[in-house]
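Listed in order, the protein sequences are those of chains A and B.
Take the first sequence: its position 59, counting from 1, is numbered 63 in the working numbering, and each next residue is one higher.
Take the second sequence: its position 241, counting from 1, is numbered 692 in the working numbering, and each next residue is one higher.
We treat Cβ as the ideally placed atom computed from N, Cα and C, and that holds for glycine.
Note that the structure is a prediction, hence the values are computed from the model and not measured.
These notes concern the structure reproduced below.
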Amino acid sequence: MVDITKTFPGVLANDHVSLTLHKGEVLALLGENGAGKSTLMNMLIGLYQPDSGTIYVNGVQRDIQSPQDSMALGIGMIHQEFMLVGNMSVAENIILGMKDLPFVPPMGEIKKKITALSKRYGLQVYPDKIIRDLSVGEQQRVEILKLLYRGADILILDEPTAVLTPGESRDLNEILKRMLAEGKSAIFITHKMDEVMSFSHTVQVLRRGKSVAVKPTREIANVQELANMMVGRDILFSLDRGPYEPGPEMIEINDLVMLPVGGGKPILDQVTFSVRSGEIFGIAGVAGNGQQQLTEAITGLLHVDGGSIILKGKNMTNKSPIAIIKGGVSHIPADRGRMGVVGDMSVGENLSMKKYRTEELSHNTVMKKGRIRQFAEDLIERFTIKTPSQDTSVKFLSGGNIQKTILAREIDFCRGILIAVYPSRGLDIGATEAVRQNLIKQRDSGAAVLLVSEELEELLMVADRIAVMFEGRIMDILDAKKTGTEELGMLMAGVARGEQ
Amino acid sequence: MRIHLQKRDSRSTLMTILVPVASLLVSFLLGAIVLALSKADPLVTYRAMLRGAFGSQTKLQYTIAKSIPLLLCGLAVGVAFRLKFWNIGAEGQYIAGVIGITWVMQFWTFLPVALLLPVGMVVGVACGALWAAIPGVLKAQWSVDETLTTLMMNYIIIGYAEYLYINAWKAPRGNMGTILYPEAAWLPRIWGRVHAGLYFALALVVVLYFVLYKTRWGFELNMIGKNRRAAQCQGVCIKRNIILGMLLSGAIAGLAGVIDSAAVTHQLTKGVNAGYGFTGIIIAWMSNLNPFVSILVALIMAALETGSDALQILKLPSAMGEVMQGLILIPLLAGSVFTEYRLAKSGTHTEATA
C-alpha cells in the first residue's frame with residue numbers, strides 16, 4: 005500500500021500512509037484507538053476505497069472494490085466481532101457465501117477438505133459441531149479456516165487476542181507460525197505491546213492517521229521503547245493553565261467492585277481514588293481495562309457490586325442517572341454518536357438536553373421555546389460550533405462539532421464535577437485543542453475533572469494527577485509533573501513500579 | 452452515467468411535504484392498475500368511490516363518523532411509535548375499551564343512568580390502557596419484543612370478546628351480541644350520523660400536540676424514540692416512560708372503542724374487530740406522527756372505506772378499498788428515502804454540496 009490517504013467528514017483517518025508486507029512475514033500494526041489502523045485495513049479488503057494512493061498485491065497494481073475482490077487476490081480479514089452463524093455447523097459456516105458451489109454442496113468432500121486443512125495448520129476443529137457450542141477461541145479458529153479454505157495467502161487479524169485466554173493466545177501464536185512456514189503472511193492489529201514482541205517480525209506504528217515508525221521487531225529493545233513509539237512525545241501545542249491549588253474532595257471512590265454478568269474476572273477490582281476541586285484527574289490505560297465502566301458507574305448508568313461512590317460528600321452509589329445529574333455531575337461520554345447526542349434532533353434541542361428540566365428553560369413542565377432558542381444561540385457562539393443553524397440535525401455536523409455540542413451542553417450545566425471519557429478521540433487538531441482548553445478552564449474555575457484518555461501525551465499535558473488502570477485495577481496514581489510516558493507505558497502494560 | 456443516492460446535508464422540508472402527497476398519487480396509480488386488471492375502468496371507479504364517500508350529506512356524515520375511531524387509533528399508535536415502541540395492538544386495546552364500557556352499561560345497573568356514560572367511558576379507557584401496559588411492562592422489565600406481544604394480545608382479546616357476545620354476556624334474544632346500552636346513555640349525535648365523539652377526537656389532537664411538542668415529557672419521549680442510550684445518559688428514565696407511553700397509547704385506543712360503541716353500535720357484538728387499530732398504523736405513519744396531519748389522513752382512510760361500498764354497484768368487491776389502503780403505505784415507505792437522500796449522477800459530488 006503506497007501513499008494511502010482517506011478522509012471522513014471532519015477526520016483525516018489516513019494521511020499518506022504506506023505499508024509493505026513481505027511473504028512469510030507477520031506485521032504488527034500498532035496504534036491507539038482512532039489512529040487509523042482499521043481504516044487502513046478496511047481499504048485493503050475493499051470495504052472502503054482510498055481517496056488517493058495505490059495498492060499493489062504481489063507487485064501488480066490493484067483496484068479493490070469489495071471484499072470479493074480482495075478474497076480473489078488471497079486477502080482475508082478476521083474482524084473483532086466474528087461473522088459466524090450461531091446455529092449452523094462449522095462446515096456450513098465455512099462454505100457460507102461461496103459462489104462457485106453446486107446447488108447441493110457435496111458436504112462429505114467439504115468436510116474432508118476442512119479436516120485436512122485443520123490438521124495441516126494445527127487448528128483443531130470438528131466440522132459437524134454447531135458454532136454456538138464452541139468457545140470463543142474455537143470460533144476464531146473457524147474464522148481462520150474459513151479464510152484458508154478460500155485460499156487466502158494474506159490474513160488480517162483485528163485484535164485477535166482481545167477475546168482470548170492466555171492459553172488460547174499461545175495456541176494462536178502456534179497456528180500463525182505454521183501458516184508462515186507454509187508461505188502465508190499476516191497483518192495483525194493490536195494495542196497490546198507484549199504480543200507485538202512475541203508474535204511479529206516487523207512493527208508499524210500509526211498515530212493520528214500517520215505512519216510514524218516501521219521497525220523490525222528484533223531491533224526493539226523492550227516494551228517500553230514500543231510504548232514510546234505508540235504514544236509519541238511530540239507536543240501539539242502548549243496550554244495556559246492556572247496554578248495547581250486543589251480544594252475539597254468532590255469525587256471519592258472507595259473499594260469499587262463491578263463483576264461481569266455470569267461471573268468471571270472482575271471488571272472493576274477494589275478501585276479507590278479521589279478527585280479534588282480545581283484538579284484534573286487523569287485515568288490512563290489501554291481501552292477495555294475498566295475505565296469506561298468506572299465512569300458509567302459514577303454516572304449511574306451501570307450498577308456496582310461493592311464499594312461506594314461519594315459525590316460532593318453525598319453517597320451516590322447505585323443512584324439513578326437523574327439523581328446524579330441533579331447532584332451536579334456532567335458527563336462527556338465515550339461514544340459520542342450513541343451516547344452523547346440524539347442525531348435526529350436539532351443542535352438546539354441537543355444543547356438543551358440537560359437544562360430543559362430547570363426553571364430557566366421550562367416552567368411547570370412546559371418548555372419555554374423562545375428561551376431555549378436564545379440559550380442555544382448563545383452556546384453555539386460561545387463554543388464556536390459550526391452549524392448552518394440551530395435547527396440542523398446534529399447528525400449532519402462533523403465529529404468535531406458534534407463533540408463541541410456535547411461539550412457546550414455539559415460544561416454549561418457543570419455544577420462542580422465533569423467526567424470526560426476519550427473526549428478528543430478521533431478529532432482533528434483544532435477540535436482537540438478546544439476540548440483540552442475547555443477542560444482546563446473548568447479546572448481553573450474550581451471543578452473536579454475526571455479525564456479518561458488513552459493518549460499519554462494528552463494526559464501529561466492536561467492532567468494534574470494520573471492514575472493508570474490495568475485489568476480493572478488502579479496500578480498507581482502519579483503526579484503528572486513527575487512522571488513520563490515510559491513510566492506510564494509500563495504501568496499500562498501491567499508492570500508495577502517495583503518491577504520496573 | 453450512473454445514478455445513485457447521495458445523503459443530503461440536511462433534511463429537505465419540501466420533500467417531507469411532497470413525499471406523502473406524491474405517494475398518495477402513486478398509490479392511486481397502482482390502484483388503477485389493479486382495477487384495470489379486474490377489467491374495471493379506473494376513472495369510473497374512482498369517481499364512484501369519490502361520490503360514495505362525499506357525494507351527499509349523508510355520505511359525508513358516514514365518512515366523518517368513520518374517521519373518528521380511525522383518527523383516535525392513529526393518535527394512539529402515533530404516541531407509541533414516537534417511542535419507537537411498535538404497538539401494533541391498538542386493535543386489541545380498542546376492543547378492551549369496548550369490553551370495559553359494555554361491562555359498565557350491562558352490569559353496573561346500580562348507577563343512575565346519567566352516570567353510565569361517563570363512568571363507562573372511564574372504565575373503558577382504563578381497560579385499553581391496562582391492556583397496553585402489559586406489553587409495556589414486559590418490554591421495560593425484560594425486553595420482551597413488543598411487536599410479538601402486542602400482535603398476539605390482539606387475538607387473545609378478539610377471542611375473549613367473541614366468548615362474551617356469544618356466551619357470557621349474550622342478550623336473551625338473538626344469537627349474538629350483548630343487550631343494547633340504555634338509550635339515555637348513548638353518546639349523542641351532533642350532525643346526522645356524526646356524533647359527539649368528534650369533539651373528543653379533535654380536543655385530543657390539540658392536547659396531544661401540546662403534550663408531545665411543548666412539554667418536557669414530550670421532549671423526553673422524542674429523545675427516547677430517537678436515541679434510547681443518549682436519553683438514558685441525559686437522565687431520562689427509559690422504563691418508566693415506556694410504561695407511561697403505552698398507558699397513554701392504550702388509553703387513546705380504548706377511547707376509540709368506547710366512543711364508537713357508545714355512539715354507533717351501542718353494544719358489544721360481531722364486527723368489534725373492524726380493523727381500526729390496524730388502519731391506525733397506516734395513519735400514524737403517513738401523518739409522520741403529527742396529530743394535526745392525522746386528521747387529514749384519517750379522513751382519507753375513512754373515505755376509502757365508505758367509498759368502497761359504492762364499488763359493489765360496479766360489481767367490484769368492496770375489499771378494493773382495503774387494497775387501496777395497503778397500496779398507500781408502499782410508495783410512502785419507499786418515498787421517505789428522498790427526504791434524506793437525493794439522486795445524483797456518479798462523479799458529480801461537487802455540485803451536490805449546498
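| field | ARG237 (chain A) versus SER278 (chain A) - alpha carbon distance | value | In the first sequence, counting from the first residue as 1, residue 237 (chain A) sits at position 233. In the first sequence, counting from the first residue as 1, residue 278 (chain A) sits at position 274. For ARG237 (chain A), the predicted model reports a pLDDT of 49, less than 50, meaning its position is unreliable and no value from the coordinates is stated.
| query | Below 8 Å, can you find three or more Cβ-Cβ pairs linking the segment 289-307 of chain A to the segment 412-425 of chain A? | reply | Judged by Cβ distances under 8 Å, the segment 289-307 of chain A makes contact with the segment 412-425 of chain A, as three or more pairs qualify.
| request: Output the distance between the C-alpha atoms of LEU695 (chain B) and ALA527 (chain B), rounded to the nearest integer angstrom. | output: Taking the first residue of the second sequence as position 1, residue 695 (chain B) is located at position 244. Taking the first residue of the second sequence as position 1, residue 527 (chain B) is located at position 76. Their Cα atoms are separated by approximately 13 Å.
| field | is_contact[ASN673 (chain B), chain A] using C-beta, thresh 8 Å | value | As a working mapping, residue 673 (chain B) is identified with position 222 in the second sequence. It does; some Cβ of chain A falls within 8 Å.
| field | Partners in chain B for ARG361 (chain A), counting only beta-carbon separations shorter than 7 Å | value | Position 357 of the first sequence, counting from 1, holds the residue named residue 361 (chain A). What ARG361 (chain A) touches in chain B: ARG667.
| query | Buried or exposed: TRP620 (chain B), going by 16 or more other Cβ atoms within 10 Å of its Cβ? | reply | Residue mapping note: residue 620 (chain B) aligns to position 169 of the second sequence, counting from 1. Buried.
| task | Starting from the beta carbon of MET343 (chain A), find every residue of chain B whose beta carbon is closer than 7 Å, and list them in chain order. | result | Locating residue 343 (chain A) in the first sequence gives position 339, where the first residue counts as 1. Within chain B, the residues near MET343 (chain A) are ARG680, ALA681 and CYS684.
| request: Could you tell me the boundaries of the alpha helix (DSSP H) in which TRP736 (chain B) lies? | output: Counting from 1 along the second sequence, the entry for residue 736 (chain B) is found at position 285. First-last of the alpha helix (DSSP H) with TRP736 (chain B): 727-737.
| field | LYS318 (chain A) (DSSP reduced to helix, strand or coil) | value | Translated into positions along the first sequence, residue 318 (chain A) becomes position 314. Here LYS318 (chain A) sits in strand by DSSP.
| task | With PHE192 (chain A) as the anchor, note down where its beta strand (DSSP E) starts and where it stops. | result | Stepping through the first sequence from its first residue, residue 192 (chain A) is reached at position 188. Residues 189-194.
| query | With distances taken from CA atoms, which of A:GLU223, A:LYS117, A:ILE415 and A:ILE406 is nearest GLN441 (chain A)? | reply | Residue mapping note: residue 441 (chain A) aligns to position 437 of the first sequence, counting from 1. Of the candidates A:GLU223, A:LYS117, A:ILE415 and A:ILE406, the one whose C-alpha sits nearest the C-alpha of GLN441 (chain A) is A:ILE415.
| Under 7 Å (Cβ pairs) to chain B, residues found in the segment 357-389 of chain A | MET357, LYS358, TYR360, ARG361, SER366, THR369, VAL370 and MET371
| message | Relative to the C-alpha of TYR125 (chain A), which candidate in A:LEU176, A:ALA32, A:ASN46 and A:LEU33 has its C-alpha closest? | response | Along the first sequence, one-based indexing puts residue 125 (chain A) at 121. Ranking A:LEU176, A:ALA32, A:ASN46 and A:LEU33 by Cα distance to TYR125 (chain A) puts A:LEU176 first.
| request: Provide the residue span of the beta strand (DSSP E) that contains ASP55 (chain A), from first to last. | output: Counted from its first residue, the first sequence places residue 55 (chain A) at position 51. Neither: ASP55 (chain A) is in no beta strand (DSSP E) and is coded neither H nor E.
| Hey, would you say GLY525 (chain B) sits closer than 8 Å to ALA753 (chain B), going by beta carbons? | Taking the second sequence and counting its residues from 1, one reaches residue 525 (chain B) at position 74. Taking the second sequence and counting its residues from 1, one reaches residue 753 (chain B) at position 302. No, the pair does not count as a contact, with Cβ atoms beyond the cut-off.
| Helix or strand or just coil, what does DSSP make of ILE239 (chain A)? | Taking the first residue of the first sequence as 1, we reach residue 239 (chain A) at position 235. Note that ILE239 (chain A) scores a pLDDT of 46, beneath 50, so its modelled location is shaky; the value from the coordinates is reported in the next line. Three-state DSSP puts ILE239 (chain A) in coil, outside helix and strand.
| message | I need the DSSP call for ASN258 (chain A), collapsed to helix, strand or coil. | response | Working through the first sequence from its first residue, we reach residue 258 (chain A) at position 254. ASN258 (chain A) falls in the strand class under three-state DSSP.
| task | Under 6 Å Cβ to Cβ from ASP468 (chain A), same chain only, skipping five residues before and after it: list those, please. | result | For this step, residue 468 (chain A) is matched to residue 464 along the first sequence. Taken in chain order, the residues that qualify are TYR248, GLU283, ILE284 and ALA484.
| message | Counting only C-beta atoms, is ILE255 (chain A) closer than 8 Å to chain B at any point? | response | As a working mapping, residue 255 (chain A) is identified with position 251 in the first sequence. The Cβ of ILE255 (chain A) sits no closer than 8 Å to any Cβ of chain B.
| Beta-carbon proximity of GLY289 (chain A) to PHE474 (chain A), cut-off 8 Å | The residue you call residue 289 (chain A) lines up with position 285 of the first sequence. The residue you call residue 474 (chain A) lines up with position 470 of the first sequence. Less than 8 Å separates the beta-carbon of GLY289 (chain A) from that of PHE474 (chain A).
| query | Residues in its own chain within less than 7 Å of LEU562 (chain B) by CB, not counting five upstream and five downstream? | reply | Position 111 of the second sequence holds residue 562 (chain B). VAL570.
| Going by Cα to Cα distance, which pick from B:ASN673, B:ILE733, B:SER787 and B:ALA682 is closest to LEU534 (chain B)? | As a working note, residue 534 (chain B) is residue 83 in the second sequence. Nearest of B:ASN673, B:ILE733, B:SER787 and B:ALA682 to LEU534 (chain B), Cα basis: B:ASN673.
| Which class does TRP559 (chain B) belong to by DSSP, given the choice of helix, strand or coil? | Translated into the one-based positions of the second sequence, residue 559 (chain B) becomes position 108. In the structure shown, TRP559 (chain B) adopts coil according to DSSP, grouped into three states.
| Can the beta-carbon of GLN683 (chain B) be found less than 8 Å from the beta-carbon of LEU454 (chain A)? | As a position in the second sequence, residue 683 (chain B) is number 232, starting the count at 1. As a position in the first sequence, residue 454 (chain A) is number 450, starting the count at 1. In this structure, LEU454 (chain A) does not lie closer than 8 Å to GLN683 (chain B) by Cβ.
| query | Taking the alpha-carbon positions, what's the GLY311 (chain A) to ILE257 (chain A) distance? | reply | As a working mapping, residue 311 (chain A) is identified with position 307 in the first sequence. As a working mapping, residue 257 (chain A) is identified with position 253 in the first sequence. C-alpha separation (whole angstroms): 8 Å.
| query | With DSSP run on the structure shown, which of helix, strand or coil describes GLY488 (chain A)? | reply | As a working mapping, residue 488 (chain A) is identified with position 484 in the first sequence. It is coil, neither helix nor strand.
| query | Excluding five sequence neighbours on each side, which residues of the same chain lie with their C-beta closer than 7 Å to the C-beta of GLU381 (chain A)? | reply | Sequence index remark: in the first sequence, residue 381 (chain A) carries index 377 (1-based). For GLU381 (chain A), where only same-chain residues beyond five positions count, the Cβ hits under 7 Å are GLN394.
| request: Could you round the C-beta distance between ILE134 (chain A) and SER93 (chain A) to whole angstroms and report it? I think they count as a contact, below 8 Å. | output: As a working note, residue 134 (chain A) is residue 130 in the first sequence. As a working note, residue 93 (chain A) is residue 89 in the first sequence. Indeed they touch by this definition, with Cβ atoms about 6 Å apart.
| query | Among all the DSSP beta bridges, which residues are the ones paired with SER93 (chain A)? | reply | Translated into positions along the first sequence, residue 93 (chain A) becomes position 89. Its beta-bridge partners are A:ILE134.
| query | Apart from the five residues on each side of it in sequence, which residues of its chain come closer than 6 Å, Cβ to Cβ, to GLY676 (chain B)? | reply | What you label residue 676 (chain B) is simply residue 225 of the second sequence in a count that begins at 1. ARG533, LEU534 and LYS535, listed in sequence order.
| By Cβ distance, which residues of its chain are closer than 7 Å to LEU184 (chain A), with the 5 residues on each side in sequence left out? | Here residue 184 (chain A) refers to the residue found at position 180 when the first sequence is read from its first residue. Closer than 7 Å at Cβ, skipping near neighbours: GLY28 and VAL30.
| query | Hey, out of A:ASN91, A:LEU411, A:GLY50 and A:ALA95, whose CA is closest to ALA76 (chain A)'s CA? | reply | As a working mapping, residue 76 (chain A) is identified with position 72 in the first sequence. Among A:ASN91, A:LEU411, A:GLY50 and A:ALA95, the Cα nearest to that of ALA76 (chain A) is on A:GLY50.
| Close Cβ partners of GLY352 (chain A) (< 7 Å) along its chain, the five nearest in sequence each way excluded | For the purposes of this step, residue 352 (chain A) is taken as residue 348 along the first sequence, with counting starting at 1. So the list reads ILE376, ARG377, ALA380, GLN394 and ASP395, once near-sequence residues are dropped.
| field | Straight-line gap, ILE710 (chain B) to TRP668 (chain B) (C-alpha atoms, nearest Å) | value | Counted from its first residue, the second sequence places residue 710 (chain B) at position 259. Counted from its first residue, the second sequence places residue 668 (chain B) at position 217. Cα to Cα, the separation comes out at about 27 Å.
| query | What beta strand (DSSP E) runs, 3 residues minimum, are completely inside the segment 394-472 of chain A? | reply | Taking only runs of at least 3 residues, the beta strand (DSSP E) segments lying wholly in the segment 394-472 of chain A are 421-425 and 452-456.
| request: Please say whether ALA338 (chain A) and GLU458 (chain A) have beta carbons closer to each other than 8 Å? | output: Taking the first sequence and counting its residues from 1, the one referred to as residue 458 (chain A) is at position 454. Taking the first sequence and counting its residues from 1, the one referred to as residue 338 (chain A) is at position 334. Cβ atoms of GLU458 (chain A) and ALA338 (chain A): not closer than 8 Å.
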